[in-house]
Structure formats: C-alpha cells, structure tokens
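Going by full-length UniProt numbering, the first residue of the sequence shown is number 1, and it counts up by one from there.
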Amino acid sequence: MRRFIYIFSLSAFLVVLWVFILPLVAIAPAGQDSYGQYAGKQAFHTLYEAYGKDQCCIKVLLKNNNIYLMSSATGSPDSETMLPVSVISAGSTKLLVNKDNSLPGEYVPPGLTSISSKVVKLEYAGLKLCPGTLNALYTMIDAAKKDGIHGFIINSAYRSITAQQQIFDSNLSSFTKTSGTYEEAYASTRQLVALPGNSEHHTGLALDIFSINGRHRNDFEDSREQLWLKENLQNYGFIIRYPKDKTEQTNTVYEPWHIRNVGIPLSRYLHEQGLCLEEFYDRIFAGHVIEDSESIFLGIKDKQKVFASADIMQEVRLETVNTGNCLLTINNCKKSQ
Numbered sequence: 001m002r003r004f005i006y007i008f009s010l011s012a013f014l015v016v017l018w019v020f021i022l023p024l025v026a027i028a029p030a031g032q033d034s035y036g037q038y039a040g041k042q043a044f045h046t047l048y049e050a051y052g053k054d055q056c057c058i059k060v061l062l063k064n065n066n067i068y069l070m071s072s073a074t075g076s077p078d079s080e081t082m083l084p085v086s087v088i089s090a091g092s093t094k095l096l097v098n099k100d101n102s103l104p105g106e107y108v109p110p111g112l113t114s115i116s117s118k119v120v121k122l123e124y125a126g127l128k129l130c131p132g133t134l135n136a137l138y139t140m141i142d143a144a145k146k147d148g149i150h151g152f153i154i155n156s157a158y159r160s161i162t163a164q165q166q167i168f169d170s171n172l173s174s175f176t177k178t179s180g181t182y183e184e185a186y187a188s189t190r191q192l193v194a195l196p197g198n199s200e201h202h203t204g205l206a207l208d209i210f211s212i213n214g215r216h217r218n219d220f221e222d223s224r225e226q227l228w229l230k231e232n233l234q235n236y237g238f239i240i241r242y243p244k245d246k247t248e249q250t251n252t253v254y255e256p257w258h259i260r261n262v263g264i265p266l267s268r269y270l271h272e273q274g275l276c277l278e279e280f281y282d283r284i285f286a287g288h289v290i291e292d293s294e295s296i297f298l299g300i301k302d303k304q305k306v307f308a309s310a311d312i313m314q315e316v317r318l319e320t321v322n323t324g325n326c327l328l329t330i331n332n333c334k335k336s337q
C-alpha cells in the first residue's frame, strides 16, 4: 500500500511539473541581452528599454522574429502603424571585410571622390575615398592641424580588386625568393597582404596614413602624428583596424597606420571598450544588446525586419555588415535604470 501511495505521489508531482512549472521556465526572460528565445512568438516581447530625448522611454520589442522600436509617447505597440526601417547597403560604414568575409568581385563603393592634396599630403596622386569617409578625414586633419600636427601623409586609400591582386602577386614573388617553399611564401604573403576581395581598401572606408617624417612601416609608430591619431581618431569615426593586441582576432599583423571609418558612435564604443570589429560583431550576433553612454546596438540577422514609430525614426540606422546581417543603431539614448 505504501509503495502504491509513493508511486502515485511521484506521478502526480511529475504531472504538475510538466503541465505548470516547465512552461513558466521556458518563457522566463534570460535577461535584456539575449532574444533568441523569443523568436517566432506572436505577441510583443520587450527586449530592452532605454531613455531617449527628454527622458522619453524607448522600447525595443520583438514580434514574429522582427524588431519594433517605439517611444512611450507612441502609446501601446501597434505593428500596423510602425514604419519599416530601410537597410543602408551602399556606403554602409559597418561592413565587415576580412579573410572570412569577402566582397563580390564586381564591388565598387558608391561616390568615390579624390582626396585633395590641398587638405592633406598624398604619396600618390588620385587616391579616393567614399564621400562620408572623406569628410570625416578632412575634419580630423583640420583638428590635428589646430593641435599643431601638420605632418600626415596618405599612402593608400580605395583599391580595386584588380589592384589588390597585383599587390598580392608582387609580395608573393618577393617572399618566394626568400622562403624555403611556395607554401611558406604564400603564408607570409597572406599575413601581410589581404587576398583580392578580402581587403578593407575595396570599401573606400579605409586608408593608410603615415607621417612625412616616417613614411614607412618601421618608423611611423611613436611619431607625433601616430600618437595624436591613437588618442583622437575615434572622435571622427575612425578606428585602428588592426590593433597590436588583437592579431589573433583580426588574423592580421599590427598596422598602426591602417585606419577605418566605422562612424560615430561605434568608433567611440570600440575605443572605450578596447575591442576590434571581429570581437564586437561576435558579441552582437550572439544575441546581445550592447549600449554605450549615448547609443544602443543590436544585431539583425538573416530575414529579420525592423520597424519604428515615426517619432524616433531619425535616431535609427540599419546598416549592412555582411551577407544576411545588419547592425541596428539607436542614437541619443541610454539604458533605463
């Protein structure tokens, strides 16, 4: 009899656990920094809340795997009244280009514009950048001059895939003469030069900048220009793309002269946190919501769509990172307390 009561009690407990407890555990939020568990849900789920202008609450919501952004002034969430946020593909400053993320062979960035030698010295004529990157460069160079730094010289900017192939072949030829095997020469070349299609120079967002007193790789570091750049470039939307302590993550040797426009506020966030682009995107596309003192960043994957209420649309940017992925930035807001 006791055995029967014990079995009956255990069975009843398992039924209660299965019917009532486990469903609650399954839908309990894991925190504001992960939203994969809500994918496919029909109702609105609040992923994140932040304060926008005039202390207005901005909510980041998820429904049917799509992201909805609204302010408290909008009232209750209504997917029918929110507007789609367009993806910025041409000229996106958030592109990730490395050995694992290549650009198509026909890729040419829009609006390439020649750098003026009247603003900054050029080692070669005809160097070009995308318009937004060019304007950011001019603003930075002007600020450096006001600080007494006049010796910047640009060695390389936009580079076509064909030109990259020529540079790669030239370096491979040189390493072949000094290496024991072709494989060794190829590996050495890959460490120094990106494969055609995998170079940031194809984007029109990157440039190699030196000092007129140290034009070569060996004598740029610790020059007045390099020290000023290291301290200030993030305030103009640029980052040192290949930092000294991130060679494992970037798979590229340290290049203090190679700077990349990622735009503000991302440039400031990466500088403050000591992150390279690869580390940042690893976190973003793991499902984390990342905030700094003035913005929120979210990764948008695959076929996800983003919608926003009209009153905050101007604070929202959705930019291409690589195939199928975008970075969503919500400006002028900070985390709710």
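Where is the CB? At the ideal position from N, CA and C, for every residue including glycine.
- For the pair P104 and T252, the Cα-to-Cα distance works out to about 21 Å.
- Per DSSP, N155 is not a residue of any alpha helix (DSSP H); the beta strand (DSSP E) it occupies stretches across F152 to S156.
- Of the residues S117, S309, L195 and E221, the one whose Cα lies closest to the Cα of C57 is S309.
- Annotation for M140: Y236 place their beta carbon closer than 6 Å to its own, counting only its chain and skipping 5 residues before and after.
- For A206, the enclosing beta strand (DSSP E) begins and ends at A206 to S211.
- Nearest neighbour of V97 by Cα position, chosen from V306, H202, Q314 and L275, turns out to be H202.
- Relative to S223, the option among P256, L129, N332 and Y124 whose CA is nearest is P256.
- Setting aside the 5 residues that flank it on each side, Y186 is surrounded in the same chain by L172, each with a C-beta closer than 7 Å to its C-beta; the list follows chain order.
- Contact check between the region 287-307 and the region 324-333: three or more CB pairs, one atom from each, fall below 8 Å, which counts as touching.
- When C-beta atoms of the region 108-125 are compared with those of the region 138-157, three or more pairs fall below 8 Å, so the two segments count as touching.
- In this structure E294 does not touch G52 by the C-beta definition: roughly 11 Å separates them, more than the 8 Å allowed.
- The region 215-293 is shown to contain whole beta strand (DSSP E) runs of 3 or more residues at 238-242 and 255-261, in chain order.
- Rounded to the nearest angstrom, the Cβ distance from L69 to L47 is 10 Å, too far for a contact under 8 Å.
- Relative to E80, the option among V87, F44 and S102 whose CA is nearest is F44.
- DSSP places S188 within a helical segment (H, G or I) once states are collapsed to three.
- Per the coordinates, the alpha-carbon of L83 lies some 5 Å from the alpha-carbon of F307.
- Selection R241, E106, D208 and S211 evaluated against L266 yields R241 as nearest (Cα-Cα).
- When beta bridges are read from the DSSP output, C326 appears opposite I300 and T320.
- Shown here for G197: same chain residues with a beta carbon closer than 7 Å to its own, the five before and five after excluded, namely S102, L103, G105 and I161 in chain order.
- Under the three-pair Cβ rule at 8 Å, the region 225-239 counts as touching the region 127-145.
- Here DSSP, grouped into helix, strand and coil, assigns F307 to strand.
- A distance below 7 Å between beta-carbons, with the five flanking residues on each side excluded, links Y107 to the following residues of its chain, in chain order: H202.
- Excluding five sequence positions before and after S89, the CB atoms of its chain that fall closer than 6 Å to its own CB belong to T320, given in chain order.
- Distance from the Cα of S174 is smallest, within the candidate group A163, T189 and E183, for T189.
- Per DSSP, the continuous beta strand (DSSP E) segment holding I58 begins and ends at C57 to K63.
- Assignment of T81 by DSSP, reduced to helix, strand and coil, places it in the coil class.
- In the structure shown, T46 adopts extended strand secondary structure according to DSSP, grouped into three states.
- A residue is called buried once 16 or more other Cβ atoms fall within 10 Å of its Cβ, and Q273, having fewer, is exposed.
- For M140, the uninterrupted alpha helix (DSSP H) segment begins and ends at P131 to K146.
- Between S86 and L277, the gap from beta carbon to beta carbon reaches 9 Å or more.
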